[in-house]
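Here the protein sequences line up with chains A and B, keeping their order. So for the first sequence, our numbering puts the first residue at 1; every next one is plus one. So for the second sequence, our numbering puts the first residue at 154; every next one is plus one.
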Amino acid sequence: LPCLMIYNFYLYNIKGQCLYYEEWNRRKPGTTPVEDQKLMFGLLYSLRAFTTKVSPKGTEGFHSYKTSKYKLHYYETATGLKFVLNTDPHVGDLRECLRILYSSIYVEYVVKNPLYKTGQPITGNELFNQNLQRFIRSLSQFNSQQIFSTKKK
Amino acid sequence: LVFQQDYVSIPKLPMNEYLRLASTFHSMYAISSNLSPMPASSGIEVLEADSFKLQCFQTPTGTKFFLTTDPNHNNLDELLRKVYELYADYVLKNPFYELEMPIRCELWDYHLERLFAAENSK
Numbered sequence: 001l002p003c004l005m006i007y008n009f010y011l012y013n014i015k016g017q018c019l020y021y022e023e024w025n026r027r028k029p030g031t032t033p034v035e036d037q038k039l040m041f042g043l044l045y046s047l048r049a050f051t052t053k054v055s056p057k058g059t060e061g062f063h064s065y066k067t068s069k070y071k072l073h074y075y076e077t078a079t080g081l082k083f084v085l086n087t088d089p090h091v092g093d094l095r096e097c098l099r100i101l102y103s104s105i106y107v108e109y110v111v112k113n114p115l116y117k118t119g120q121p122i123t124g125n126e127l128f129n130q131n132l133q134r135f136i137r138s139l140s141q142f143n144s145q146q147i148f149s150t151k152k153k
Numbered sequence: 154l155v156f157q158q159d160y161v162s163i164p165k166l167p168m169n170e171y172l173r174l175a176s177t178f179h180s181m182y183a184i185s186s187n188l189s190p191m192p193a194s195s196g197i198e199v200l201e202a203d204s205f206k207l208q209c210f211q212t213p214t215g216t217k218f219f220l221t222t223d224p225n226h227n228n229l230d231e232l233l234r235k236v237y238e239l240y241a242d243y244v245l246k247n248p249f250y251e252l253e254m255p256i257r258c259e260l261w262d263y264h265l266e267r268l269f270a271a272e273n274s275k
């Protein structure tokens with residue numbers, strides 16, 4: 001079964017602050033984490049504006065982009081929370097997975113945490129960390145089966 | 154930006170907008186390559202959104218062709234390569250065409266129109 005590589009993950013609040021960043025496989029480091037996160041947010045902002053302008057219906061709805069070496073998946077909630085996941089380029093659509101990440105992990109372990117103040121960076125939240133790790137690991141196994149079946153067609 | 158054309162009826166933006174969009178895309182292309190978690194990444198080759206799909210093809214000389222289509226289109230890669238062939242045949246080989254200038258070549262327009270009409274009627 002082909003291996004699905006997941007590279008890194010960013011979570012931003014509506015103001016563009018990076019609330020959480022994790023990497024599992026990153027061979028090319030950014031300059032510094034802060035610069036890297038700011039650059040990523042800047043790119044997302046331009047992508048959304050670009051998508052709105054180019055769209056024949058004038059709607060936004062940027063989903064993903066692919067380069068020769070990675071694919072960036074993007075999911076934004078109604079509250080302006082932005083989930084970004086970078087994977088290898090041969091992956092299908094992971095937005096549903098990002099939506100699940102939001103509703104089953106972020107909402108469960110961050111929002112429902114009485115010590116957490118909305119909009120703040122997520123630090124010291126073991127349950128969130130662990131569940132995120134587990135979710136990402138399960139994605140690698142689940143999705144590689146999905147890719148295999150689409151390739152068969 | 155040396156050429157821009159719509160092949161279906163969508164609201165037409167002023168030329169300045171297209172110029173701005175093209176240079177925005179050009180910088181996003183560069184940044185996406187910089188931000189790559191893996192070394193030696195190209196820039197954005199495919200961009201997917203709700204209502205459209207954008208495919209970009211960069212030649213070894215840095216010329217970029219990009220195509221926007223409905224989200225269900227596949228094989229845009231092949232199509233862009235054909236466009237590149239048409240570009241080489243009807244633009245570059247045209248003795249009156251100056252590099253970097255806006256393209257005003259009838260045969261280019263004609264063949265491009267035919268290519269996309271064929272594609273759109275599929």
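Beta carbons: idealized from backbone N, C-alpha and C, even for Gly.
ask   = In the structure shown, what three-state DSSP assignment does A:S149 receive?
value = Position 149 of the first sequence holds residue 149 of chain A. For A:S149, the predicted structure reports a pLDDT of 41, less than 50, and the residue's modelled location is therefore unreliable. The matter cannot be settled from this model.
task = Would you mind giving the Cβ-Cβ distance between B:E272 and B:V155, rounded to the nearest angstrom? I have them listed as a contact below 8 angstroms.
result = Here residue 272 of chain B refers to the residue found at position 119 when the second sequence is read from its first residue. Here residue 155 of chain B refers to the residue found at position 2 when the second sequence is read from its first residue. Between B:V155 and B:E272 the Cβ distance is about 22 angstroms, and since that is not below 8 angstroms, they are no contact.
inquiry  = Within the continuous alpha helix (DSSP H) that includes B:S185, where are the two ends?
reply    = Numbered from its first residue, the second sequence carries residue 185 of chain B at position 32. Per DSSP, the continuous alpha helix (DSSP H) segment holding B:S185 begins and ends at M168 to N187.
request  = May I have a chain-ordered list of the beta strand (DSSP E) segments no shorter than 3 residues that lie completely inside the segment 1 to 73 of chain A?
outcome  = 6 to 12, 18 to 23 and 62 to 66
message = Residues in the same chain with beta-carbon distance under 6 angstroms from A:T52, minus the five sequence neighbours each way, listed in chain order, please.
response = Position 52 of the first sequence, counted from the first residue, corresponds to residue 52 of chain A. Counting only Cβ-Cβ distances below 6 angstroms, and skipping sequence neighbours, we find E60.
ask   = In terms of residues, what are the limits of the alpha helix (DSSP H) holding B:N273?
value = Indexing the second sequence from 1 puts residue 273 of chain B at position 120. Taken as a continuous stretch (DSSP letters only), the alpha helix (DSSP H) holding B:N273 covers E259 to N273.
task = Work out the CA separation of B:L188 and A:S138 for me, nearest whole Å.
result = Here residue 138 of chain A corresponds to residue number 138 of the first sequence, with the count starting at 1. Here residue 188 of chain B corresponds to residue number 35 of the second sequence, with the count starting at 1. About 25 angstroms.
query = With respect to the beta strand (DSSP E) encompassing B:E253, which residues constitute its N-terminal and C-terminal limits?
reply = Along the second sequence, one-based indexing puts residue 253 of chain B at 100. Where B:E253 is concerned, there is no enclosing beta strand (DSSP E), given that its DSSP letter is neither H nor E.
Among A:I122, A:P29 and A:F9, nearest to A:L72 - alpha-carbon criterion = Residue 72 of chain A sits at position 72 when you count from the first residue of the first sequence. Here the closest residue by C-alpha is A:F9.
query = For A:L47, which residues from the same chain have a beta carbon less than 6 angstroms from its beta carbon, with the 5 sequence-adjacent residues on both sides left out?
reply = In the first sequence, counting from the first residue as 1, residue 47 of chain A sits at position 47. The residues are F62.
task = Check the DSSP bridge columns for A:Y75 and list the partner residues they point to.
result = Position 75 of the first sequence, counted from the start, is the residue given in the question as residue 75 of chain A. DSSP lists A:F83 as partners of A:Y75.
message = The alpha helix (DSSP H) that contains B:K217, what's its start and end?
response = On the second sequence, residue 217 of chain B is found 64 positions in, with the first residue counted as 1. Not the alpha helix (DSSP H): B:K217 falls in the beta strand (DSSP E), residues K217 to T222.
Continuous beta strand (DSSP E) stretch holding B:V199: start and end = Walking along the second sequence from the start, residue 199 of chain B turns up at place 46. Where B:V199 is concerned, the enclosing beta strand (DSSP E) stretches over V199 to A202.
B:L282: contacting residues in chain A (beta-carbon distance under 7 angstroms) = In the structure displayed, chain B extends from 154 to 275; residue 282 of chain B sits before or after that span and is not available.
inquiry  = Given a cut-off of 8 angstroms on the beta-carbon distance, is the pair A:K117 and B:P190 in contact?
reply    = Locating residue 117 of chain A in the first sequence gives position 117, counting from the first residue. Locating residue 190 of chain B in the second sequence gives position 37, counting from the first residue. No, the pair does not count as a contact, with Cβ atoms beyond the cut-off.
message = Comparing C-alpha positions only, which one of B:P167, B:K246 and B:I197 sits nearest to B:S220?
response = Here residue 220 of chain B corresponds to residue number 67 of the second sequence, with the count starting at 1. For clarity, residue 220 of chain B is Leu in the given sequence; the question names Ser instead. Checked all of B:P167, B:K246 and B:I197; the closest Cα to B:L220 is B:I197.
ask   = Which partner residues does B:F210 have in the DSSP bridge list?
value = Looking up residue 210 of chain B in the second sequence gives position 57. B:F210 pairs with B:F218.
query = Residues in the segment 48 to 81 of chain A with C-beta within 7 angstroms of chain B's C-beta atoms, listed in sequence order?
reply = F50, T51, K53, V54, S55, P56, K57, T59, G61, F62, H63, S64, Y65, K66, T67, S68, K69 and Y70
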